[in-house]
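The numbers in the sequence shown follow the numbering used here, run straight up by one, and end at 650. Glycine included, C-beta positions come from ideal geometry on N, C-alpha and C. Model, not experiment: these values are computed from the prediction. Each remark here refers to the structure printed beneath this line.
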Amino acid sequence: RLSALPNIAEASLDAALAVWLFGMPWVWGFMLGFIISAVSPAVVVPSLLKLKEGRYGTAKGIPDLVLAAASFDDVISISGFGIFLGLSFSVGEGSIAF
């Protein structure tokens with residue numbers, strides 16, 4: 553719950569904005585959304601490493617938990633992008649992409 557729901561919500565909001573502002577197809581919008589959501593841990597990880605060096609929250613393991621969630625966040629973003637990339641290139645009678 554710590555990383556899956558916020559990542560999917562961020563990607564969905566980015567996709568909706570891409571469709572509304574730029575007129576992109578939904579599949580491309582979701583690809584853009586998952587690319588943008590993957591950038592978020594790049595900001596979080598260095599800050600948490602500094603907090604971990606300063607021993608803030610280490611007794612409860614908070615920096616380790618957030619670092620693990622950031623890694624899982626990247627996995628969700630890469631998987632989501634791959635799924636929508638596959639959908640964007642699918643062709644044929646059974647294709648669900650437009």
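Subject >> DSSP-derived helix/strand/coil call for Phe-641 >> reply: coil
Original post:
Does the count of Cβ pairs from the stretch 593-607 and the stretch 557-566 closer than 8 Å reach three?
Top reply: no
Original post:
Candidates Gly-575, Ala-568, Asp-566 and Ile-587: which alpha carbon is nearest Ile-635's?
Top reply: Ile-587
Original post:
Excluding sequence positions up to five away, which residues of its chain have a Cβ less than 8 Å from the Cβ of Val-571?
Top reply: Pro-577, Trp-578 and Gly-581
Original post:
In whole angstroms, what is the alpha-carbon distance linking Met-583 and Ser-629?
Top reply: 9 Å
**OP:** Take Val-595 and list the residues in its own chain whose beta-carbon comes closer than 8 Å to its own, dropping the five residues that flank it on each side.
**Re:** Within the same chain, Val-595 has no close Cβ partners at all.
Original post:
For the alpha helix (DSSP H) that contains Ser-555, what are its first and last residues?
Top reply: Per DSSP, Ser-555 belongs to no alpha helix (DSSP H) and is neither H nor E.
Original post:
Which residues in the same chain have their Cβ closer than 7 Å to the Cβ of Ala-611, if we skip the five residues on either side of it in sequence?
Top reply: Around Ala-611: no qualifying Cβ.
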